[in-house]
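Step one of this worksheet: look at the structure below.
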Amino acid sequence: MTTVATPTRPAAAGSHHPGAWSRFRWGVADGLTVTKRNLIAYTRTPALLVFAVIQPVMFVLLFRYVFGGAIKVNVPGGYVSYLTPGIIGQSAAFASFGTAVGLAREIQKGVVDRYRSMPMARSAVLVGRLTADTLRMILTVLVLLGVSAAVGFRFHNGFWPAVGMVGLAVAFGVTVCAVSAYIGFAIRDEESVASFGLIWLFPLTFVSAAFVPVSSMPGWLQAFANNQPVTIVIDEMRSLALGGPLALHAWESAVWLVGILAVFLPLAVRAYRRV
Amino acid sequence: MTTSASGGPAIVVEGLTKSFGSVQALRGIDFSVERGTILGVLGPNGAGKTTAVRILTTLVRPDGGTALVEGRDVLREPDAVREIIGLAGQSAAIQEELTGRENLEILGRLYHLPKQRSKERAQELLERFELLDAANRPARTYSGGMARRLDLAASLVAEPAVLFLDEPTTGLDPRSRNGMWGIIRDLVSGGTTLLLTTQYLEEADELADEIIVVDHGRVIAAGTSDTLKDKVGGDVVEFGVLDRSRLGAAADAVAELSEVAPMLDPEEAVVAVRVGNQGSKAVVQAVRNLDAAGIETTGLALRRPSLDDVFLALTGHQAAEEEASPKRRRRRRRGAEPEPTRQQGRGR
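Protein chains in written order, with our numbering: chain E, 1 to 275; chain L, 276 to 623.
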């Protein structure tokens, strides 16, 4: 009987029976590799950078100088102070656009199929996407802070609360990204996701305290606006930035964010498995 | 029969079933692939080819049956299977923003090759697939043929023992397709076992050691290209008719050569008649009859039946019925039977 020299893979030979620790290490390594891949891709997609930086900056300028004069608010520093936490929160939420579109695209192109047929961590696609998108979101937030400062925004509540505001914005953005990841995995079609997969973000961010005081809306709308998570998170960001009651909205924000993550992360993981 | 210096099958599939909702994609298929050979899985769109590949590559769990790849159970040991397989699906699964080199290096890292080894492997594959010139360009600038080559290279990063190619040349122009065939032949000469799905009868004929014909989730025939052709029953005399208006008369003139009515292709003015094992005798008779009827022909030849003929004989419908196959031509048999697709430009 003849034997055939079957090609073998030298490096992966040991990963047959991985222990928990080695599996965790590979999980982190694979997640980082996919993150790096996504970041390289971002730097080569100018349209995405425009979306991540220039569009939010335009929003700041438009709201500050076009709508701002007509919107009466009662916070220290005037409308620009009111606007900045709102627009940072909104931009963090809209960063999730890239998450949903990117994941749907990877599924459609068969990249996810290839990954799933490889002996790599199952979590890497999701972890790599969320990590890369979080980094991109932080860039957006920092640019927004710079531009807002240039047009008159100042923190009124000291250094650590300011850091807290940025942290909350990012946590909020990551949460929305988790929802978007689920939508991307579930719809799996780049065009559909791009055209209607995230349409819900518009009412959610605009019918909130992000740009105008809720008290200026009709009563029936106020009921929604006052009790939805975007308002709660942005009110908390505003309190952190400008001073004000912190405790109540802090709890509510935490509960909303943790609750949404607890629902949508498992959903996203499940949808990924079923791709 | 397959002649290979192998020690047993690399893939064994038994009684595989899979439904998606009310659609039965696989209704119990069995086959095996000898190590170091190519199995061609031939069938129309929706026959269940891709589902079978997805089960064997651990992407989908079957409802029933077993599938072993190099003795490893796809259901019970999916991770062990993933270590020895490569997959290239229907679309080029590459990251378009990344360069060809980056695509391969990152896959190497995800296969847990050391960094240096990932780089070397990428270099080897870029050389082998003639992508060195384009190695540092984003993959989005690649032509269709280059993208497919990169995708195939990507499936080989970890030197898999068993490779699955799902319609590797669909959508490629003939030149790229020929190039791809050459690459695929080389792979197997290096000892890799290959399962290849295709809608192109020509492709299965060219590449596969063994062919299974799949239709509606079942294997309806298996064997080598030759044994399948024998099933159809013999050779075909085929000729073109110079004066289109005399196509019918031409068919009448050769009708006596066969019990089966001649097939007509009015568009191309071609007549084909199945002549069993009468071979050259039938050719002589055909020439005489056509001459007597005063019909001028444009080339008359005896050919072996094509896999198109096989598919028609087995299933009663064309392989590419639903497909806009680039080579598709319509032919009508005199009578009510469905028509086969004419195969042309065969390599062999």
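Glycine residues also receive a C-beta, built at the ideal position from the N, C-alpha and C atoms.
Exercise. Report yes or no: is there a C-beta of chain L within less than 9 Å of the C-beta of Asp189 (chain E)?
Key: no
Self-check item: Length of the line joining the Cα atoms of Leu267 (chain E) and Tyr182 (chain E)
Solution: For Leu267 (chain E) and Tyr182 (chain E), the distance between alpha carbons rounds to 6 Å.
Practice problem: Say whether chain E places a C-beta atom closer than 9 Å to the C-beta of Ile313 (chain L). | Solution: no
Quiz prompt | Residues within the stretch 399-419 of chain L neighbouring chain E, beta-carbon criterion of under 8 Å | solution = Pro413
Quiz item: Quick one: what's got a C-beta closer than 8 Å to Ser307 (chain L)'s C-beta in the same chain, skipping five residues either side?
Solution: Taking C-beta separations shorter than 8 Å and ignoring five residues to either side along the sequence, the partners of Ser307 (chain L) in its chain run Pro284, Ile286, Val287 and Val288, following chain order.
Self-check item: Bridge partner(s) assigned by DSSP for Ile304 (chain L)
Solution: L:Leu291
Self-check item: Residues, ordered as in the chain, of the stretch 441-465 of chain L that lie near chain E by beta-carbon distance below 7 Å
Solution: Taken residue by residue, none of the stretch 441-465 of chain L has a beta-carbon sitting less than 7 Å from a beta-carbon on chain E.
Quiz prompt | Stretch-stretch touch, CB-based, cutoff 8 Å, three pairs: the stretch 97-109 of chain E with the stretch 228-246 of chain E | solution = Because the criterion of three Cβ pairs below 8 Å is not met, the stretch 97-109 of chain E and the stretch 228-246 of chain E do not touch.
Quiz item: Nearest chain E C-beta to Leu385 (chain L) closer than 9 Å, yes or no?
Solution: yes
Quiz prompt | beta strand (DSSP E) segments (min. 3 residues) lying fully within the stretch 437-500 of chain L | solution = 437-441, 468-473, 485-490 and 493-498
Exercise. Could you please tell me which residues of the stretch 35-53 of chain E, in chain order, have their CB closer than 7 Å to any CB of chain L?
Key: Arg37, Ile40, Ala41, Arg44 and Thr45
Practice problem: Flag this pair as touching only if the stretch 26-42 of chain E and the stretch 377-386 of chain L have three or more C-beta atom pairs under 8 Å; answer yes or no. | Solution: yes
Quiz item: In three-state terms, what does DSSP make of Ile570 (chain L)?
Solution: Looking at Ile570 (chain L) - three-state DSSP - the assignment turns out to be coil, as it is neither helix nor strand.
Quiz item: Whose C-alpha, out of L:Ala524, L:Lys293, L:Ser581 and L:Leu577, is nearest the C-alpha of Asn564 (chain L)?
Solution: Ranked by Cα distance from Asn564 (chain L), the options L:Ala524, L:Lys293, L:Ser581 and L:Leu577 are led by L:Ala524.
Quiz item: Excluding sequence positions up to five away, which residues of its chain have a Cβ less than 6 Å from the Cβ of Arg623 (chain L)?
Solution: Annotation note: pLDDT 35 at Arg623 (chain L) (below 50); position unreliable, coordinate value reported separately. Excluding sequence neighbours, Arg623 (chain L) sits near nothing in its chain.
Quiz prompt | Coarse secondary structure for Arg424 (chain L), derived from DSSP in three states | solution = helix
Self-check item: Close-in-space but distant-in-sequence residues of the same chain around Lys293 (chain L) (CB under 6 Å, 5 per side omitted)
Solution: Ala300, Leu301, Thr326, Pro337 and Asp338
Quiz item: What does a CB cutoff of less than 6 Å around Leu39 (chain E) pick up in its chain, not counting 5 residues either side in sequence?
Solution: Ala132
Self-check item: Residue interval of the alpha helix (DSSP H) (run including Pro185 (chain E))
Solution: Contrary to the premise, residue 185 (chain E) reads as Phe rather than Pro in this sequence. Start and end: Phe159 to Ile187.
Quiz item: Does the beta-carbon of Val559 (chain L) have 16 or more other beta-carbons within 10 angstroms, so that it is buried, or is it exposed?
Solution: With fewer than 16 other Cβ atoms within 10 Å, it is exposed.
Exercise. Indicate whether at least one CB of chain L lies closer than 9 Å to the CB of Lys109 (chain E).
Key: When Cβ-Cβ separations below 9 Å define contact, Lys109 (chain E) makes contact with chain L.
Exercise. Flag Lys367 (chain L) as yes if its beta-carbon sits less than 9 Å from any beta-carbon of chain E, otherwise no.
Key: Reading off the sequence shown, one finds Ala at residue 367 (chain L), where the question assumed Lys. Cβ-Cβ to chain E under 9 Å: yes for Ala367 (chain L).
Practice problem: Mind reading off the beta-carbon distance from Thr499 (chain L) to Ile487 (chain L)? Whole number of angstroms is fine, and I expect it under 8 Å. | Solution: Contact between Thr499 (chain L) and Ile487 (chain L) fails: their C-beta atoms lie close to 11 Å from each other, not under 8 Å.
Quiz prompt | Contact check, Leu517 (chain L) vs Leu539 (chain L), beta carbons under 9 Å | solution = no
Quiz item: Hey, does Ala433 (chain L) have any beta-carbon neighbour from chain E nearer than 9 Å?
Solution: Nearest CB-CB separation between Ala433 (chain L) and chain E: below the 9 Å threshold.
Quiz item: How about Phe159 (chain E) and Gly77 (chain E): do their beta carbons lie closer than 9 Å?
Solution: If you check the CB distance, Phe159 (chain E) and Gly77 (chain E) do not come in under 9 Å.
Self-check item: Continuous alpha helix (DSSP H) assignments of at least 4 residues falling wholly in the stretch 311-389 of chain L
Solution: 324-331, 353-357 and 375-385
Quiz item: Taking the alpha helix (DSSP H) that Glu106 (chain E) falls in, what are its first and last residues?
Solution: Ser96 to Lys109
Quiz item: Along chain L, which residues have their Cβ under 9 Å away from the Cβ of Asp30 (chain E)?
Solution: Arg384, Leu385 and His387
Quiz item: Who are the near neighbours of Ser96 (chain E) in its chain, counting only those whose CB is closer than 6 Å to its CB and skipping five residues on each side?
Solution: Val176, Cys177 and Ser180
Exercise. Flag this pair as yes or no: are the beta carbons of Ala250 (chain E) and Thr231 (chain E) separated by less than 9 Å?
Key: No.
Quiz item: Mind pulling the chain L residues with CB within less than 8 Å of Pro119 (chain E)?
Solution: Asp354, Arg357, Glu358, Tyr386 and His387
Practice problem: Would you verify that the beta carbon of Gly498 (chain L) is, or is not, closer than 9 Å to some beta carbon of chain C? | Solution: Protein chains E and L are contained in the structure displayed, whereas chain C is not.
Quiz item: How many Å lie between Ser253 (chain E) and Val111 (chain E) at the Cα?
Solution: Ser253 (chain E) and Val111 (chain E): Cα-Cα distance of roughly 36 Å.
Quiz item: Where does Gly244 (chain E) sit, in a helix, a strand or coil, going by DSSP?
Solution: coil
Practice problem: Compare the C-beta of Tyr115 (chain E) against all C-beta atoms of chain L and say whether one is closer than 9 Å. | Solution: yes
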